[in-house]
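Peer 1:
Protein chains in written order, with my numbering: chain A, 437 to 839; chain B, 61 to 299.
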């Protein structure tokens with residue numbers, strides 16, 4: 437009897453141990469988006485949807501219902517056939533619809549097979565500009581800076597350069613002085629690290645950097661203007677190279693956080709975003725004005741934010757584009773940009789998804805992603821002004837510096 | 061900390077006066093916890109275990125000399141590390157989570173008069189009461205031109221109290237317990253014991269807040285030592 441009871445007990449123990457030892461021992465492996473085969477639109481959709489689900493960094497503030505996008509579009513993609521020549525057009529249209537309201541203003545889809553590109557921010561702003569042409573500022577013509585502004589700089593100091601970057605972008609830079617009292621610098625891209633492609637524009641930057649010291653020490657100089665209108669941004673080292681020259685100690689301009697896991701809300705702590713001065717920098721104490729407009733993007737917006745953060749700085753112009761999240765490779769931060777579809781010797785991937793690697797918030801704790809950085813002094817450029825040869829933001833900055 | 065101690069003392073006070081075949085003890089131990097999750101889509105990333113502590117007040121009712129029911133209110137630290145490897149080695153975030161736990165187990169005892177072996181089998185419920193994070197992560201916007209390293213992005217070191225996210229964090233936990241150990245009756249009143257315990261959680265650390273969510277479950281090993289007191293023997297000593 438005792439033996440029967442003991443045997444039952446032993447059997448019960450084995451069953452219990454079996455349950456315990458197998459409980460929760462496995463969580464299904466997650467396939468990276470770049471390993472989804474491009475054999476069906478369902479597979480491409482799953483790779484894309486899960487890629488955004490795990491890598492997009494703005495889920496804590498973005499109001500797009502991504503789960504609803506899955507429910508709504510998964511059946512639509514399932515109906516598309518890779519044998520249908522018109523299916524890809526429809527697939528691209530679906531991807532555009534799914535992402536059109538995402539706030540990440542860096543977000544961009546590049547489709548390898550159709551060659552299409554889609555930026556939700558550009559799409560939203562193009563729609564708005566169509567209805568209200570003056571609502572978002574003006575896309576300034578290429579010669580506006582290298583010709584119009586160059587022509588009003590002091591002839592003895594004016595310098596301009598134009599290059600074509602390795603990605604085909606026409607880069608421009610201008611420097612000089614106004615009335616021998618205000619030092620001016622303009623560029624439309626922070627790509628000076630590409631020294632091979634900036635043969636004409638890099639000397640312009642170098643001349644400006646040399647003149648910062650003169651602007652500080654020469655009593656006839658009243659201040660510096662850095663103009664980043666229509667600037668697409670660039671690499672973060674320019675913050676130190678340019679603005680860092682004017683600082684003696686690191687300047688905090690905000691905070692960033694990155695993803696630390698697969699969950700939409702798996703974030704690192706907020707980390708200080710700083711501009712660190714290079715050795716040999718000076719303590720620039722005179723006024724610094726940054727002019728930016730609606731087409732100042734990414735690092736150009738950080739220049740505007742820095743002017744707001746500096747005690748002697750001011751941001752004049754328009755609200756910027758709203759693309760503040762820094763970008764790096766996906767492997768560095770386990771978030772941000774990724775590729776959908778398996779690259780093999782026989783085929784290309786399906787698409788590249790370009791998206792921020794980190795959230796950014798300004799010193800006041802506010803995120804300007806998708807909204808843009810507001811200026812200290814709102815001075816827009818209108819078509820009417822342009823046609824009359826009036827550069828209102830520049831004239832406002834000069835009036836402030838020259839009294 | 062004060063609230064956790066008060067919780068344990070409150071449970072201790074409930075058992076006071078209930079003598080019969082009751083035993084009451086105190087135990088302390090170390091834990092080794094990790095999370096069961098997937099990092100297969102994350103580059104150069106792995107989750108690693110963390111050593112923590114446990115302190116508890118085991119309360120046992122002995123039906124006979126081989127079968128008891130034991131409840132074990134305790135404070136247990138369960139941690140894990142989100143660790144970067146390869147070229148990102150040195151970047152990590154360590155989570156140390158504190159739980160108020162109540163395992164309830166059936167205990168089976170065997171052996172001699174003084175030295176006995178035992179097995180515990182049961183379930184536990186717990187409340188995630190606090191969190192501390194520390195780590196070193198890549199700081200995306202902190203370029204240092206004076207750095208001598210190849211990559212001039214600076215890292216960010218931190219050590220701070222973790223904050224809970226109402227949408228994401230599941231603060232209630234449940235799981236199973238299997239343990240085995242030895243006890244030695246030092247005196248008619250006091251018994252010392254050592255136990256190894258295995259505690260897989262079957263609740264996700266996260267609430268279900270997104271589609272295709274990657275689950276995270278605690279898996280805890282614990283080794284503890286303690287001493288317990290037979291309350292019936294205490295009664296006869298006082299008399």
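C-beta atoms are modelled at their ideal positions from N, C-alpha and C, and glycine is treated no differently.
Between which residues of its own chain and residue 121 (chain B) is the CB-CB distance below 7 Å, once the five residues before and five after are set aside?
Peer 2: Taken in chain order, the residues that qualify are 81, 82, 128, 129.
Peer 1: Flag residue 468 (chain A) as yes if its beta-carbon sits less than 8 Å from any beta-carbon of chain B, otherwise no.
Peer 2: At least one chain B Cβ lies under 8 Å of residue 468 (chain A).
Peer 1: Could you name the residues of chain B that residue 700 (chain A) contacts, counting a contact when the two beta carbons are closer than 7 Å?
Peer 2: Correct list: 270.
Peer 1: Decide if residue 734 (chain A) is buried, meaning its Cβ has at least 16 other Cβ atoms within 10 Å, or exposed.
Peer 2: Label assigned to residue 734 (chain A): buried.
Peer 1: Tell me whether residue 551 (chain A) sits in a helix, a strand or coil according to DSSP, three-state version.
Peer 2: Reduced to three states, the DSSP call for residue 551 (chain A) is coil.
Peer 1: Rounded to whole angstroms, what is the Cα-Cα separation between residue 554 (chain A) and residue 517 (chain A)?
Peer 2: So the two alpha carbons sit approximately 22 Å from each other.
Peer 1: Should residue 21 (chain B) be labelled buried (16 or more other beta-carbon atoms within 10 Å of its own) or exposed?
Peer 2: Residue 21 (chain B) lies beyond the range of chain B shown here (61 to 299); nothing can be said about it.
Peer 1: Return the first residue and the last residue of the alpha helix (DSSP H) that residue 503 (chain A) is part of.
Peer 2: Per DSSP, residue 503 (chain A) belongs to the alpha helix (DSSP H) from 502-514.
Peer 1: Cα separation between residue 700 (chain A) and residue 501 (chain A)?
Peer 2: Approximately 12 Å between the Cα atoms of the pair.
Peer 1: What are the residues of the segment 151-175 of chain B that lie near chain A, defined by any Cβ-Cβ distance shorter than 8 Å?
Peer 2: So the list reads 153, 168, given in the order they occur along the chain.
Peer 1: Residue 586 (chain A) to residue 541 (chain A), Cα distance in whole Å?
Peer 2: Distance between the alpha carbons of residue 586 (chain A) and residue 541 (chain A) is about 31 Å.
Peer 1: Quick check on DSSP: helix, strand or coil for residue 746 (chain A)?
Peer 2: Of the three classes helix, strand and coil, the one that applies to residue 746 (chain A) here is coil, per DSSP.
Peer 1: Anything in chain B within Cβ reach of residue 616 (chain A), meaning under 8 Å, just list it in chain order.
Peer 2: The contacting residues do not exist; residue 616 (chain A) stays about 31 Å from chain B at best.
Peer 1: If you follow the beta strand (DSSP E) that residue 595 (chain A) is in, where does it begin and where does it stop?
Peer 2: Residues 595-600.
Peer 1: For residue 730 (chain A), does the count of other Cβ atoms within 10 angstroms reach 16, so buried, or fall short, so exposed?
Peer 2: Label assigned to residue 730 (chain A): buried.
Peer 1: Which first and last residues belong to the alpha helix (DSSP H) in which residue 481 (chain A) is found?
Peer 2: Here the alpha helix (DSSP H) through residue 481 (chain A) covers 477-491.
Peer 1: Mind checking who residue 51 (chain B) pairs with in its DSSP beta bridge?
Peer 2: Shown here, chain B extends from 61 to 299; a query on residue 51 (chain B) therefore has no answer.
Peer 1: Tell me the start and end of each unbroken beta strand (DSSP E) in the segment 628-656 of chain A that is at least 3 residues and wholly inside, in chain order.
Peer 2: Runs found: none.
Peer 1: Is the separation between the beta-carbon of residue 191 (chain B) and that of residue 152 (chain B) shorter than 8 Å?
Peer 2: No, the pair does not count as a contact, with Cβ atoms beyond the cut-off.
Peer 1: With DSSP as the reference, identify every bridge partner of residue 256 (chain B), one or two as the case may be.
Peer 2: In the DSSP output, where bridge partners are listed per residue, residue 256 (chain B) has B:240, B:283.
Peer 1: Just the chain A side, please: which residues come within less than 9 Å of residue 205 (chain B) by C-beta, in chain order?
Peer 2: Per Cβ cutoff of 9 Å: 673, 676, 677, 680, 712, 713, 714, 715.
Peer 1: What span of residues does the beta strand (DSSP E) with residue 122 (chain B) cover, start to end?
Peer 2: Note, residue 122 (chain B): beta strand (DSSP E), 119-122.
Peer 1: Are the C-beta atoms of residue 801 (chain A) and some chain B residue less than 8 Å apart?
Peer 2: Answer no: the Cβ-Cβ gap between residue 801 (chain A) and chain B never drops below 8 Å.
Peer 1: Determine whether the beta carbon atoms of residue 658 (chain A) and residue 830 (chain A) lie at a separation below 8 Å.
Peer 2: Not a contact, by the Cβ cut-off of 8 Å.
Peer 1: Could you tell me the distance, in whole angstroms, from the CA atom of residue 775 (chain A) to the CA atom of residue 196 (chain B)?
Peer 2: Their Cα atoms are separated by approximately 27 Å.
Peer 1: Give the residues of chain B in contact with residue 506 (chain A), contact being defined as C-beta atoms less than 9 Å apart.
Peer 2: Those are 271, 272, listed as they occur along chain B.
Peer 1: In chain order, what residues of the same chain have a beta carbon less than 8 Å from the beta carbon of residue 495 (chain A), not counting five sequence neighbours either side?
Peer 2: Cβ neighbours of residue 495 (chain A) beyond the five flanking positions: 502, 700, 701.
Peer 1: Report yes or no: do the segment 130-143 of chain B and the segment 100-108 of chain B share at least 3 C-beta pairs separated by less than 8 Å?
Peer 2: Output reads yes: the segment 100-108 of chain B touches the segment 130-143 of chain B.
Peer 1: Are the segment 732-746 of chain A and the segment 242-256 of chain B touching by the rule of at least three beta carbon pairs closer than 8 Å?
Peer 2: Segments in contact, no.
Peer 1: Within 10 angstroms of its Cβ, does residue 628 (chain A) collect 16 or more other Cβ (buried), or is it exposed?
Peer 2: Buried is the call here.
Peer 1: Considering only DSSP beta bridges, list what residue 546 (chain A) is partnered with.
Peer 2: DSSP output for residue 546 (chain A) lists A:553, A:788 as bridge partner(s).
Peer 1: Is residue 746 (chain A) close to chain B? Criterion is C-beta to C-beta, closer than 8 Å.
Peer 2: Answer no: the Cβ-Cβ gap between residue 746 (chain A) and chain B never drops below 8 Å.
Peer 1: Taking a cut of 8 Å between CB atoms, which residues from the segment 790-817 of chain A lie near chain B?
Peer 2: If the cut-off is 8 Å between Cβ atoms, the segment 790-817 of chain A has 793, 794, 796 near chain B.
Peer 1: Ignore the nearest five residues each way along the sequence and tell me which others in residue 559 (chain A)'s own chain have a CB closer than 7 Å to its CB.
Peer 2: Correct list, in chain order: 536.
Peer 1: Using a Cβ-Cβ distance under 8 Å, would residue 555 (chain A) count as near chain B?
Peer 2: It does not: the Cβ of residue 555 (chain A) has no partner Cβ on chain B nearer than 8 Å.
Peer 1: Residue 174 (chain B) bridges to which residues according to DSSP?
Peer 2: DSSP lists no partner for residue 174 (chain B).
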